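One gets our numbering by counting positions in the sequence shown from 1 and adding 3 to each.
Don't be surprised by glycine CBs; every beta carbon is placed ideally from N, CA and C.
All values reported here derive from a predicted model rather than from experimental measurement.
All remarks here apply to the structure that follows.
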Amino acid sequence: MLFLLSNDWKESKFSNEQAFKQFLQHYQTGLLPRGTQFSVFYYEHLKQAIALFKLLYYAKDYDTFFKTAVWARQNLNEGLFLYSFSVALKHRNDTYKVILPPIYELNPYYFVTGDSIYQVQKFKQLYHGQQLNEPYIIPTNYTSQNVQHSLAYFLEDIGLNAYYYYFNLYYPFWLGGEEFKMKNDRRGELYYFVHQQLLARYYLERLSNHAGDIPILEYDIPAKTGYRPHLVYSSGTPFPSRENPTYLPRKFDYYESKMTFNNYYSVQDLERRIVDAIDAGFVYTEKGEKVDIYTPEGFNILGNIIEGNADSLNSRFYGHLQIFAHQLVVDNHIQPDEYHVVPSVLQHFETSLRDPIYWEFMKRIVVLFQSYKLHLPKYSYHELNFSGVKVENLDVDPLVTLFDYTDYDIAGSVILNPHEFERDPFVILARQTRLNHKPFSYTVNVTSDKEQQAVIRTFIGPKCDQYGQPIDINEHRLNFFQLDTFVTKLNAGVNVFKRDHSQFHFAPDKPTYRTLYNKINNATNEEQLKTSHTEFSYGFPQRFILPKGQRAGQMFQFFVIVTPRKGNLAPDNIYMGGILKVGSGNQYVDSLPLGYPFDRVVDKDAFVSVQNSYFKDVIIYHK
4 MLFLLSNDWK ESKFSNEQAF KQFLQHYQTG LLPRGTQFSV FYYEHLKQAI
54 ALFKLLYYAK DYDTFFKTAV WARQNLNEGL FLYSFSVALK HRNDTYKVIL
104 PPIYELNPYY FVTGDSIYQV QKFKQLYHGQ QLNEPYIIPT NYTSQNVQHS
154 LAYFLEDIGL NAYYYYFNLY YPFWLGGEEF KMKNDRRGEL YYFVHQQLLA
204 RYYLERLSNH AGDIPILEYD IPAKTGYRPH LVYSSGTPFP SRENPTYLPR
254 KFDYYESKMT FNNYYSVQDL ERRIVDAIDA GFVYTEKGEK VDIYTPEGFN
304 ILGNIIEGNA DSLNSRFYGH LQIFAHQLVV DNHIQPDEYH VVPSVLQHFE
354 TSLRDPIYWE FMKRIVVLFQ SYKLHLPKYS YHELNFSGVK VENLDVDPLV
404 TLFDYTDYDI AGSVILNPHE FERDPFVILA RQTRLNHKPF SYTVNVTSDK
454 EQQAVIRTFI GPKCDQYGQP IDINEHRLNF FQLDTFVTKL NAGVNVFKRD
504 HSQFHFAPDK PTYRTLYNKI NNATNEEQLK TSHTEFSYGF PQRFILPKGQ
554 RAGQMFQFFV IVTPRKGNLA PDNIYMGGIL KVGSGNQYVD SLPLGYPFDR
604 VVDKDAFVSV QNSYFKDVII YHK
């Protein structure tokens, strides 16, 4: 409280004085206590998180930001601080390049099973400050009790779940408006594309494991997907489990009337309103004005409405479907108030993907988006063709997947006193087997009748369905996963492009806390601090580029298409590792829809007759 009254912390230190006053009001009323569980899917928690975010975001200078963050870390709820601080860090102009340790090291309880946490704490009790010659390593396992146990290595992967967490830090559903400019990033369309691509990648993994298609969630049929996460909170309380079968809740509260779905019938009503808008071709604003959605901006408008984010034209009428997704089947026990809650895995972005039922809801959302795309005409020969350009050949190196080990620091699951921390003797690592692949590249040969700018997109998709039958491209177009996109100049004549997998826009494993700490120490000793943009940005895990193969080989297909570069163009340095900030609108290579050409139904005759695209059968082996 003394800091609040000091000269270092007053209204004039913040560019938005109202943000200062609002946080002070929350503080005086009473914030979420330290040691209790935090989730943005409880309304009171969310209000406090937004207040703290604004306080940090509107700090006039870095010194004020830093001092405020230090005070908040020491005095506020741990989860509340970490969330608001992380969002502010990624949105401030002077901090968006700051590198944080990976979330699975900052909060290992959300990534490591309870038995591994117990081993860490037991080791700490026995350790008694003895000097270690090398890190202590604890092997960790995936859960095996859930229905999708054969896919646990995918659903519970630390990199995949961290990716989804970071995406929702960069684009929080509650943040928007003119000031933050997230609409420049086509956030509604991006919301669709991220989830559609997650589903595509999940389908390919299911195909490799003979699991078949992804079920779609039905509200009025008992969910047959039980789940036991085997995670525990820092208090020792287990994450809630779900039995099989489970009925969706007919009533649950969000503690605020404007964001409450008191039963799933209400959610069905919201979906009906969205479907009616898609069929009618327009949506209503909060002022009752009609807005046409069959325009170049229409799909993005629809995406904001379906997500129910802060840029939705009318969240009061169209609701917050994402909120419902994260509230599904979580209230299996009475929680007296929002300060004494036990959130399920669905109520944290960093654990939602662990639960198979979330993917079933995700598929329902993507199908809702696709009902809009089905109103659009098929892609014609004219729309698909790039006159004067022909893909002559596509060669792909042998593709091999394997499981290897990843070590990451989970000492954050125990309390270290200052003496132990400063001496730095306590290094304890979790060792986990994770899917990876051997290095590979592909080469595409393109001829052009003139010099011109072009964009080359590469996908991987199924060759056959789960029954071994060749796919219909329109039935499986949403199961193609985008591997690579790059801008290039085509010279007149023959052009040969070789792309290594490391050039794809995916994220390698993040450096551990210890690695970052040592880098900083070395930099203070007059050695240059070398960092990569992948260390402070988010991205789909690079090790998941390829679905798991089979020892005898699993057939997939690569697809490449060359299109003219047109539309609003981003600077070329973006495609060579340039630094992006949320709201810049610079992360897209052109103005074509995300996922083109698989975002819409295609004329199959036209698809096979255009010369600027090419399919290539590939076989993925697993070692």
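If the criterion is Cβ atoms closer than 8 Å, does the pair V449 and N388 meet it?
Contact annotation: V449 and N388 have beta-carbon atoms that are not nearer than 8 Å.
Next on the checklist: Can you check which of these residues, L519, Y470 and G542, is closest to D487 by C-alpha distance?
Outcome noted: When only C-alpha atoms are compared, the closest one is G542.
* Beta-carbon separation (whole angstroms), K207 vs F484, contact threshold 8 Å -> It is worth fixing the name first, because residue 207 is Leu in this sequence and not Lys. Going by Cβ atoms, the distance from L207 to F484 rounds to 6 Å, so yes, they are a contact pair.
| said: Taking a contact to mean a Cβ-Cβ separation below 8 Å, would you say P584 touches Y99 in this structure? | reply: One point to set straight first is that residue 584 is Lys, not Pro, in the sequence displayed. In contact: K584 and Y99 (Cβ atoms closer than 8 Å).
Give the single residue among K366, A22, V490 and D468 whose Cα lies nearest to the Cα of I219. Looking at the Cα atoms, K366 is the closest of the given residues.
Problem set entry | Alpha-carbon to alpha-carbon, A54 and A22 | Answer to the nearest angstrom: the Cα atoms are 7 Å apart.
Please report the distance separating the alpha-carbon of Y167 from that of S355. One C-alpha to the other measures close to 9 Å.
Roughly how far, in whole angstroms, is the beta-carbon of V447 from the beta-carbon of V563, given that I think they are within contact range, below 8 Å?
-> Indeed, because the Cβ distance is near 5 Å, the residues count as touching under 8 Å.
Taking only beta-carbon atoms, is N312 less than 8 Å away from chain D? Looking at the structure shown, chain D is missing, and only one protein chain is on hand.
- Identify, in the order they occur along the chain, each residue of the same chain with its Cβ nearer than 8 Å to the Cβ of I476, setting aside the five sequence neighbours on each side. Same-chain partners within the cutoff: V605, K607 and F610.
### Message
Could you tell me the alpha carbon to alpha carbon distance between I304 and L316, rounded to whole angstroms?
### Response
Rounded to the nearest angstrom, the two C-alpha atoms are 8 Å apart.
Query raised in the report: Given that a residue counts as buried once 16 or more other Cβ atoms are within 10 Å of its Cβ, and exposed if not, what is N136?
Result: Exposed, by the Cβ-count rule.
Check for me: the alpha helix (DSSP H) holding L129 runs from which residue to which? Its alpha helix (DSSP H) spans residues G117 to Y130.
Original post:
By the 10 Å Cβ neighbour count, where 16 or more other Cβ atoms means buried, how is T32 classified, buried or exposed?
Top reply: In summary, T32 is exposed, with fewer than 16 beta-carbon neighbours lying within 10 Å of its beta-carbon over all protein chains present.
**A72: first and last residue of the uninterrupted alpha helix (DSSP H) it sits in** = Where A72 is concerned, the enclosing alpha helix (DSSP H) stretches over Y65 to N78.
| Taking the runs of the beta strand (DSSP E) that are 3 residues or longer, which of them lie wholly in the region 372-450? | Counting whole runs of 3 or more residues, the region 372-450 contains the beta strand (DSSP E) stretches 392-399, 402-412 and 431-440.
Please report the straight-line C-alpha distance between V344 and P241, rounded to a whole angstrom.
Their backbone Cα atoms lie some 12 Å apart in a straight line.
Is the beta carbon of Y194 sitting closer than 8 Å to the one on P359? For Y194 and P359, no; Cβs fall outside 8 Å.
Cβ-based neighbour list, D400, same chain, cut-off 6 Å, excluding 5 preceding and 5 following:
Correct list, in chain order: F443 and S444.
Considering only C-alpha positions, which residue in the set V278, A414 and L405 is nearest to Y130? Nearest C-alpha to Y130: A414.
| Chain-order list of residues whose beta-carbon lies under 7 Å from that of K16 (same chain, five-residue window excluded) | Its chain contains A62, K63 and T67 as the residues whose beta carbon lies nearer than 7 Å to that of K16, once the 5 sequence neighbours on both sides are disregarded; these appear in chain order.
Practice task
Determine the direct distance from the alpha carbon of F352 to that of L178, and round the result to whole angstroms.
Solution key: Each residue's alpha carbon lies about 16 Å from the other.
Quiz item: Using CA coordinates, which residue listed in D410, Y65 and L201 is at the minimum distance from K513?
Solution: The candidate whose alpha carbon is nearest that of K513 is D410.
Roughly how many angstroms lie between the CA atoms of L103 and Y470, to the nearest whole one? Using only the alpha carbons, I get a separation of about 45 Å.
To which residues of the same chain is F618 closer than 6 Å at the C-beta, ignoring the five residues directly before and after it?
Cβ contact annotation for F618 (same chain, cutoff 6 Å, sequence separation greater than five): Q560 and F562, in chain order.
In the DSSP output, which residue or residues are listed as bridge partners for A226? Per the DSSP secondary-structure output, A226 pairs in a beta bridge with T249.
Exercise. So, helix, strand or coil for E259, using DSSP?
Worked result: A caution first: E259 carries a pLDDT of 44, below 50, which makes its placement in the model unreliable, though a value can still be read off. E259 falls in the coil class under three-state DSSP.
Check: Got a sec? Which residues, its chain only, sit under 6 Å from K261 by beta carbon, not counting five neighbours each side?
Finding: A caution first: K261 carries a pLDDT of 44, below 50, which makes its placement in the model unreliable, though a value can still be read off. So the list is empty, once near-sequence residues are dropped.
| query | Alpha carbon to alpha carbon, what distance is there between Q456 and S594? | reply | Our two residues, S594 and Q456, have alpha carbons roughly 14 Å apart in a direct line.
Exercise. Counting only the same chain and skipping the five closest in sequence on each side, list residues whose C-beta sits under 7 Å from that of K2.
Key: Examination of residue 2 is not possible in this model, given that the chain is present from 4 through 626 alone.
Any idea what DSSP makes of K100, helix, strand or coil?
K100: coil per DSSP, three-state reduction.
### Query
Between which two residues does the beta strand (DSSP E) containing Q456 stretch?
Q455 to P465 is the span of the beta strand (DSSP E), which, as asked, contains Q456.
Are the Cβ atoms of K376 and D602 separated by less than 8 Å? Yes.
Quiz prompt | Coil, strand or helix - F562 by DSSP | solution = Judged by DSSP in its simplified three-state form, F562 adopts strand.
- Query: Around the C-beta of E182, are 16 or more other C-beta atoms found within 10 angstroms, so that it is buried, or is it exposed?
  - Reply: E182 comes out exposed.
Could you check what DSSP says for N615 in three-state terms: helix, strand or coil? Coil.
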